[in-house]
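To start, the structure under review is shown below, and the notes come after it.
Residue numbers (the numbering used here), protein chains in the order written: chain A, 2 to 109; chain B, 2 to 109; chain C, 2 to 109.
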């Protein structure tokens with residue numbers, strides 16, 4: 002039960018696209034295809050950063066397209082194996098890795 | 002001030018129920034009753050995982066009922082004491098524990 | 002690439018104000034001015050805690066003004082330098098610091 006996992010956080014923008022598809026959709030589909038243990042996508046309300054487009058400036062230089070955060074949960078090994086692929090999909094998206102301990106729910 | 006705490010993240014679905022009540026409501030009420038230092042509930046936009054029902058399939062097998070994440074902040078001792086109760090309420094919900102340091106705000 | 006960073010999480014309420022301005026706006030503007038690497042603001046759906054006003058009681062004592070979480074990402078040094086300023090802006094807001102490793106995206 003008390004397995005050690007990693008939580009990957011990917012920071013994107015609603016408007017980021019690969020061809021005619023939103024990156025977040027491409028990314029969620031890919032994560033599902035790669036059978037990661039869990040992935041959840043959240044809309045933020047405002048944000049900024051090196052990982053955000055800055056040409057859509059709203060109030061005080063904060064972008065008016067919504068930020069998106071995707072959290073991905075799996076083993077360190079699985080997530081590290083996925084990273085090259087994810088980096089090629091979201092070269093500008095900030096990706097953070099956090100340590101987590103599973104204390105409940107279905108482990109793989 | 003720089004106290005060491007734990008952040009518990011519980012992953013649920015909007016449609017998960019205990020009897021006729023949404024689990025997230027039961028859980029928030031219980032956490033409040035147990036006087037945890039803080040709890041916040043967030044809706045995600047899409048998600049999948051062992052902790053999500055998969056029979057509500059939408060686009061590429063991703064559920065169309067919204068994922069919910071509840072973050073709970075308290076001492077390691079308090080959160081560990083709560084875990085058996087939380088596990089019995091959400092046997093299928095993935096629960097992750099992360100290390101955090103309090104650097105501002107009201108400590109208990 | 003695999004740089005070690007900190008993720009700061011600030012827990013606020015929609016209704017918290019400095020003068021006539023929502024604290025979350027003041028805080029986001031300040032973080033932008035201080036040129037932090039990234040900041041994202043999320044609305045929660047319900048929450049409670051020492052960092053929340055409790056006089057707006059809704060269902061089972063949970064506030065009906067929405068909780069807000071702001072995540073800030075930067076180096077430990079930069080975030081620690083910002084903390085006194087942030088604490089003076091949000092004296093009641095719980096602030097947590099988590100370890101994170103950058104595994105993709107633009108580093109500073």
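Glycine is no exception: its CB is placed at the ideal position from the N, C-alpha and C atoms.
Boundaries of the alpha helix (DSSP H) in which residue i is found, first to last residue
{"i": "residue 38/C", "result": "Note, residue 38/C: premise wrong, no alpha helix (DSSP H); not H, not E."}
Cβ of residue i within 8 angstroms of any chain D Cβ
{"i": "residue 41/A", "result": "Here the protein chains are A, B and C, and chain D is not one of them."}
Span of the beta strand (DSSP E) around residue i
{"i": "residue 68/B", "result": "68-75"}
{"i": "residue 50/A", "result": "47-50"}
{"i": "residue 11/B", "result": "5-14"}
{"i": "residue 105/C", "result": "95-105"}
Closest Cα partner of residue i within the set the options
{"i": "residue 105/B", "options": "100/C, 89/C, 106/C, 102/C", "result": "89/C"}
{"i": "residue 8/A", "options": "15/A, 92/A, 69/A, 37/A", "result": "37/A"}
{"i": "residue 13/B", "options": "5/B, 29/B, 4/B, 6/B", "result": "29/B"}
{"i": "residue 93/A", "options": "6/A, 5/A, 4/A, 18/A", "result": "18/A"}
{"i": "residue 26/B", "options": "77/B, 48/B, 71/B, 4/B", "result": "71/B"}
{"i": "residue 87/A", "options": "23/A, 31/A, 16/A, 15/A", "result": "31/A"}
{"i": "residue 84/B", "options": "21/A, 103/A, 34/A", "result": "103/A"}
Min CB distance residue i to chain B below 8 angstroms
{"i": "residue 88/C", "result": "yes"}
{"i": "residue 6/A", "result": "yes"}
{"i": "residue 99/A", "result": "yes"}
{"i": "residue 35/A", "result": "no"}
Below-8 angstroms beta-carbon distance, residue i vs any chain A residue
{"i": "residue 94/B", "result": "yes"}
{"i": "residue 76/B", "result": "no"}
{"i": "residue 103/C", "result": "yes"}
{"i": "residue 10/C", "result": "no"}
{"i": "residue 53/C", "result": "Since pLDDT at residue 53/C reaches only 47, below the 50 mark, its modelled position is unreliable, and no value is offered."}
{"i": "residue 26/B", "result": "no"}
Whole-angstrom C-beta distance between residue j and residue i, which should lie under 8 angstroms
{"i": "residue 97/A", "j": "residue 10/A", "result": "5 angstroms"}
{"i": "residue 101/A", "j": "residue 99/B", "result": "5 angstroms"}
{"i": "residue 50/C", "j": "residue 39/B", "result": "3 angstroms"}
{"i": "residue 75/A", "j": "residue 6/A", "result": "6 angstroms"}
{"i": "residue 80/B", "j": "residue 91/B", "result": "So it is not a contact: roughly 14 angstroms between Cβ atoms."}
{"i": "residue 68/C", "j": "residue 48/C", "result": "3 angstroms"}
Cβ of residue i within 8 angstroms of any chain C Cβ
{"i": "residue 82/B", "result": "no"}
{"i": "residue 21/B", "result": "no"}
{"i": "residue 70/A", "result": "yes"}
{"i": "residue 1/A", "result": "Only positions 2 to 109 of chain A appear in the structure, and residue 1/A is not among them; the question remains open."}
{"i": "residue 106/A", "result": "no"}
{"i": "residue 57/A", "result": "Confidence at residue 57/A is low in this model, with a pLDDT of 43, below 50, so its placement is unreliable and the value that follows should be read with caution. Chain C contact via Cβ: absent."}
{"i": "residue 14/A", "result": "no"}
beta-carbon residue i near the ligand FAD non-hydrogen atom, thresh 7 angstroms
{"i": "residue 76/A", "result": "Absence of the ligand FAD from the depicted structure is noted, as is the absence of any ligand whatsoever, leaving it without description."}
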